[in-house]
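Residue numbers (the working numbering), protein chains in the order written: chain A, 50 to 544; chain B, 767 to 859; chain C, 122 to 596. For glycine and all other residues, C-beta sits at the position ideal for the given N, C-alpha and C. Working notes for the structure below.
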Amino acid sequence: MVYENPEGIRIGLEIHIQLNKLKTKMFCGCSTDYHNAAPNTHTCPVCLGLPGALPVLNKKAVEAAIKVGLALEGEIAEETQFHRKNYFYPDLPKGFQITQYDFPIVSKGKVVIEGEDGEHTVGITRAHMEEDPGKLVHIGSIGKSKGVLIDYNRSGMPLIETVTEPDMRSPKEARRFLDKFRNILEYLDVFDGNLEGAMRVDANVSVHWGTRVEVKNISSHKGVERALLYEIMRQKNVIRRGGKVSQETRHFDEGRGVTLSMRTKEEAEDYRYFREPDLMPMRVTDWISAIKETLPELPDAKRARFMEQYGITDMHARSLTSKIMLADFYEGVSAKGADPKFAATWTADVFLGELNYRDLAISSYDGERIGFIHAKDPRIKNSFKVSDMVELINLFAEGKISDRAAVEVIRTMLDTTEEKTPSRIIEEKGLFKAEDDLVTKAVAEAIAENEAAVQDYLGGTEKSLNFLVGQVMKKTKGTADAKTARELIVKELKG
Amino acid sequence: MITKEDVEHIGWLARIDISEQETVEYMEKLNSVLGYFGQLDELQTEDVAPTYHVAEIYNVFRDDMVKDCLPQEVVLANTEHKQDGTFRVPKIG
Amino acid sequence: MAKWMSVAQVKERIKESSAEEVTAHYLENIGKSKINGYITVSEKALDQAKKIDSEGHNGILAGVPIAIKDNISVVGLPNSCGSRILEGYVPPFNAHVIEKLLAAGAVILGKTNMDEFAMGSSTETSYYGPTANPWDLERVPGGSSGGSAAVVAAGEAPLALGSDTGGSVRCPAAFCGVVGLKPTYGAVSRYGVVAYANSLEQIGPLANNVTDIAILMDVIAGYDRRDSTSIDSKTEYQKALVEDIKGLKIGIPKEFFGEGIHPDVEKAVWNAIHKYEDFGASLEEVSMPNIKYALASYYIIAMSEASSNLARFDGTRYGFRESGENWHAMVSKTRAEGFGTEVKRRILLGTYALSAGYHDKYYLKALKVRTLVKQDFDRALSKVDVLMAPTMPNPAFKIGEKIEDPLTLYLSDVNTCPINLAGVPSISVPCGFTEGLPIGLQIMGKPFDESAVLRAAYTFEQNTDYHTKRPQEVA
Ligand SMILES: [Mg+2]
Ligand SMILES: [Zn+2]
Chain A
50 MVYENPEGIR IGLEIHIQLN KLKTKMFCGC STDYHNAAPN THTCPVCLGL PGALPVLNKK
110 AVEAAIKVGL ALEGEIAEET QFHRKNYFYP DLPKGFQITQ YDFPIVSKGK VVIEGEDGEH
170 TVGITRAHME EDPGKLVHIG SIGKSKGVLI DYNRSGMPLI ETVTEPDMRS PKEARRFLDK
230 FRNILEYLDV FDGNLEGAMR VDANVSVHWG TRVEVKNISS HKGVERALLY EIMRQKNVIR
290 RGGKVSQETR HFDEGRGVTL SMRTKEEAED YRYFREPDLM PMRVTDWISA IKETLPELPD
350 AKRARFMEQY GITDMHARSL TSKIMLADFY EGVSAKGADP KFAATWTADV FLGELNYRDL
410 AISSYDGERI GFIHAKDPRI KNSFKVSDMV ELINLFAEGK ISDRAAVEVI RTMLDTTEEK
470 TPSRIIEEKG LFKAEDDLVT KAVAEAIAEN EAAVQDYLGG TEKSLNFLVG QVMKKTKGTA
530 DAKTARELIV KELKG
Chain B
767 MITKEDVEHI GWLARIDISE QETVEYMEKL NSVLGYFGQL DELQTEDVAP TYHVAEIYNV
827 FRDDMVKDCL PQEVVLANTE HKQDGTFRVP KIG
Chain C
122 MAKWMSVAQV KERIKESSAE EVTAHYLENI GKSKINGYIT VSEKALDQAK KIDSEGHNGI
182 LAGVPIAIKD NISVVGLPNS CGSRILEGYV PPFNAHVIEK LLAAGAVILG KTNMDEFAMG
242 SSTETSYYGP TANPWDLERV PGGSSGGSAA VVAAGEAPLA LGSDTGGSVR CPAAFCGVVG
302 LKPTYGAVSR YGVVAYANSL EQIGPLANNV TDIAILMDVI AGYDRRDSTS IDSKTEYQKA
362 LVEDIKGLKI GIPKEFFGEG IHPDVEKAVW NAIHKYEDFG ASLEEVSMPN IKYALASYYI
422 IAMSEASSNL ARFDGTRYGF RESGENWHAM VSKTRAEGFG TEVKRRILLG TYALSAGYHD
482 KYYLKALKVR TLVKQDFDRA LSKVDVLMAP TMPNPAFKIG EKIEDPLTLY LSDVNTCPIN
542 LAGVPSISVP CGFTEGLPIG LQIMGKPFDE SAVLRAAYTF EQNTDYHTKR PQEVA
């Protein structure tokens, strides 16, 4: 099946990601760990742009950029350099941003995503290094601001800006691209997407192969999808009414879910790019093969290996490799003796589902436990041990607990930070599977006490069987295995 | 030669307020200098590579090692316009 | 105590009495100054000297006072760059050269006057008023490091640091009758010097004699990891002070003796060159056909870089701020009021030269011409050891004489700015007088061959007495 793209939608993305796994900023020794710090405490003469201070490039930032370039299957420039992009804005302490211009370190890459019609390739035009500006807080709303407060802690954070070709054909594809892109970056260990402001996206979108509109500064993957859905609807309606989509820059109002035209500029911007005279050019060709060797197994390769090695389904493999830490956790659980197929179900379906339900994002894995943190409230965090998952899966596999009980254990462990093993929880809650004679007794009682239901069932009302099973479960306080109970009732009534 | 409009435009790009009267003065002075710069047109430079820097140095890097930052009060010491540890400026547009 | 002292004499004096007494002597001279050479006199200088006396210091400049151009950052001292826009700004960090000086035991007397943001050749554009030339108080001291050269010439400091983007150390050295060196690009860290034109400028020493220049270079030069353009040349500057130039090949670039040169300047410089012949050097005329384009190339590059460097002065984080209804209006007004006319002209020209549609015609063209100028130097210096020429085509001019017409003022850099385009070292030494005003001989060398330049300068100085003459106006 080939996707026809009936509405002629073209979406291209410009993604700024912070290399927040580095210890220091792009051009100075200030720590990148500023997220919970008081304003202007992670700054120095360089990132404050004080007169006389000079930038010196963080070697790790260049290595990270090369890693990203290789993972995107791009070309790494033999010689590359920095430019100044000159414009005035209060978050920009030097009056220019140090960025790359006509010699970006990465060009011509690609990312394969799960598109509308199966595998779909999104071209990467370029990826380059640059520095982050500071952060502005408007007193009052942007429209009726009384003033602006500036915190330069973010100033000078190392960024990689990636520009895609307009290859995405639906908001869903754009979102899939971002998920995949983030996943790759986390595999490379250069990026932690959980941190606030770690990824900012500008999207350009056109319908009916027409004029493209840029939507600026969207801060989440969900936001991108919503902004694009809105913007496409808006453009289609403009055309439907006989109007013309004008080339403009709009901004996305997250709260209202709409895109709004940004104030038209009185004067055209002219960035007056020129080479940054305080930084020397780079020749990195010699490093490339060495960095290539340190490149980790990337999501697609890992997915294929999981299917092959553990005999799990494509869906499970895809889900497990969607996060490097989850993939590692899964491998840890399998390596410590859990059945890989059971482990896949319990990790990908149940465990991940329960995390998502609680808005918990995986944030660490140290070989023994996987950690997660609440997406909105970073004070809420918890972790889950590999050994506990192994124990739980084994108890289930040995038939000592029901699947319901196992789910219950996972939920309990996610909802408290108390250190308790699964067996201890099972014991405390009395979740061990009931002995067979106990179930048999409960079945007999249920049949004896519910004459009407028995008659209905025998008369052909299947629903009544469910009622009887429910009675058995009630009598055994949920410790019976529902399937077993069902089988026993049927056997009893129909021979 | 630059016009009054050019002066206004570059005044905006450079964020320097220029009064009506100054515009004319700047235009004259800048044009006399640009006229002098025009002598470079005499030189054929199509095959000449630009020299951004005389020093032919490549790959100057810093290790990814954390250094001390400035204390907040030092960062804010050079301005009266501050609030709650931040720099305060008028609304943007 | 003698009003003018060499570093050796200062150290002698410290041994005899104290660093405190020497510093007090210079502070007293500054107190009686007629030249407005300092923007800020350090309140801590005496304490610094006392500390050296009480604790002892074995640095090469222990207790030796020095004056610092007001665009080089010193913790605790205002750094104005001669501009209103930096009013009240006190840097929280030391420039690399200041760290080196403090480690060597130097006592910082204060910050010297300069053309606003080093943009000028006369020290008249300073927000803090012009500095007078000690040889004639109605004349300019040259610029932009006019304060640094003038205080050395007037006995208000034995040593000073300036910065040289297109001649800003050598021009005032020539006009004030002192020695000034522009080191090879990369030899001295620029960390902490407020940038005017990054790819051209270097910090340079000023002193009453060549020996003191070498001493100061031994302190301030060397690799600094905070400046990506820094290079470790491992030169030992004092070792170059050898009175012997037999066999030295001197190139005379006729393009540096062009029209408009003052006849007395030409005569004095030729006299000096012939002295070198007497000492055993050989002369060779060299041709540098692109030098006449250097001035335009230099100014385009300098202004372009400056337009970007000076964008940070927006009233937001430090310095002067004018009020405005919104941030952009505040910035535009702050910059209109905070910068002087010449600075604004250069920012506007630089902005224009980089702007869409003009980038190639001006900026890129200038960079290509820079290549041609550099090739001229490479070619000439492949045949000879040093080049000699007048530092300035004319002696110091009257205050106010050239300030109205920028182009006339720019033209006075014609012999100094090509050196910055090529990045080579160049020194100006006193070589004569005309109507009581000093004349400077410029000696240029190969990249990182300061040794040849210093040796030539030292030999000349050992055999002449121009450097011992003192201005009577301030005696
Ligand atoms: Mg960008
Ligand atoms: Zn910093």
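If you look at C538 (chain C), you'll find it isn't in any beta strand (DSSP E); it sits in the alpha helix (DSSP H) that goes 538-543. For S549 (chain C), the enclosing beta strand (DSSP E) has its first and last residue at 547-555. With a cut-off of 8 Å, the C-beta of V95 (chain A) is classified as near ligand 2, since at least one heavy atom of the ligand falls inside that distance. No Cβ of chain C is located within less than 9 Å of the beta carbon of T769 (chain B). Between ligand 2 and the CB of T161 (chain C), the shortest heavy atom gap is not smaller than 8 Å.
Interface with chain C (9 Å Cβ-Cβ cutoff): Q838 (chain B) is excluded. Selection C:C292, C:G287, C:S127, C:Y248 evaluated against S269 (chain C) yields C:C292 as nearest (Cα-Cα).
Apart from the 5 residues on each side of it in sequence, A227 (chain C) sits with its Cβ closer than 6 Å to the Cβ of L182, V185, I187 in its chain, given in chain order.
A buried status is given to Y792 (chain B), since no fewer than 16 other beta-carbon atoms sit within 10 Å of its beta-carbon. Listed along chain A are P326, each with a C-beta nearer than 7 Å to that of E426 (chain C).
Per the coordinates, the alpha-carbon of P410 (chain C) lies some 14 Å from the alpha-carbon of A417 (chain C). Take G144 (chain A), set aside five residues on each side of it, and the residues of its chain with a beta-carbon closer than 8 Å to its own are G98, N135, Y136, F137, in chain order. Between the C-alpha atoms of E556 (chain C) and D385 (chain C) there is a straight-line separation of about 9 Å.
Going by C-alpha positions, K434 (chain A) is about 33 Å away from A110 (chain A). K540 (chain A) sits in a helix when the DSSP states are folded into three classes. Chain-order list of chain A residues neighbouring P199 (chain C): empty, with the shortest C-beta distance near 12 Å, by a criterion of under 9 Å. Fully contained in the stretch 471-513 of chain A are the following alpha helix (DSSP H) runs of length 4 or more, in chain order: 471-478, 485-498, 500-507. The continuous beta strand (DSSP E) containing R854 (chain B) extends over residues 852-855. Taking 8 Å as the cut-off, the C-beta of H65 (chain A) counts as close to a heavy atom of ligand 1. The stretch 379-389 of chain A and the stretch 420-433 of chain A do not touch, with fewer than 3 CB-CB distances between them shorter than 8 Å. No Cβ-Cβ contact shorter than 9 Å links E443 (chain C) with G461 (chain C). Checking the DSSP bridge columns, you'll see T73 (chain A) partnered with A:S80. Taking 9 Å as the cut-off, the Cβ atoms of E405 (chain C) and K370 (chain C) count as close. With respect to the 9 Å criterion, Y420 (chain C) and G301 (chain C) are not classified as neighbours on the basis of their beta carbons.
Here the stretch 799-808 of chain B makes contact with the stretch 514-534 of chain C; the two share three or more CB pairs at distances below 8 Å.
For I125 (chain A), the closest C-alpha among the options A:F131, A:P153, A:K108 is that of A:P153.
Setting aside the 5 residues that flank it on each side, G172 (chain A) is surrounded in the same chain by K159, T213, E214, D216, each with a C-beta closer than 7 Å to its C-beta; the list follows chain order. Distance from the CA atom of E259 (chain C) to the CA atom of I520 (chain C), rounded to whole angstroms, is 6 Å.
Those residues of the stretch 523-552 of chain C placed with their C-beta closer than 7 Å to a C-beta in chain B are P527, L528, A543, G544, ordered along the chain. Using a CB distance cut-off of 9 Å, G101 (chain A) does not count as an interface residue toward chain B. In the structure shown, E263 (chain A) falls within a strand segment according to DSSP collapsed to helix, strand and coil.
At a beta-carbon threshold of 7 Å, the residues of chain C lying near G98 (chain A) are R433, ordered along the chain. Closest in alpha carbon position to L309 (chain A), among A:K271, A:I340, A:K265, A:H270, is A:K265. Restricted to the stretch 198-235 of chain C, the beta strand (DSSP E) segments that are unbroken, complete and at least 3 residues in length are 228-233, listed in chain order. Three or more Cβ pairs closer than 8 Å define a contact, and the stretch 773-783 of chain B falls short of that threshold against the stretch 306-314 of chain C. Listed along chain B, the residues sitting closer than 8 Å to V197 (chain A) by beta-carbon distance are R854, V855, P856, K857, I858.
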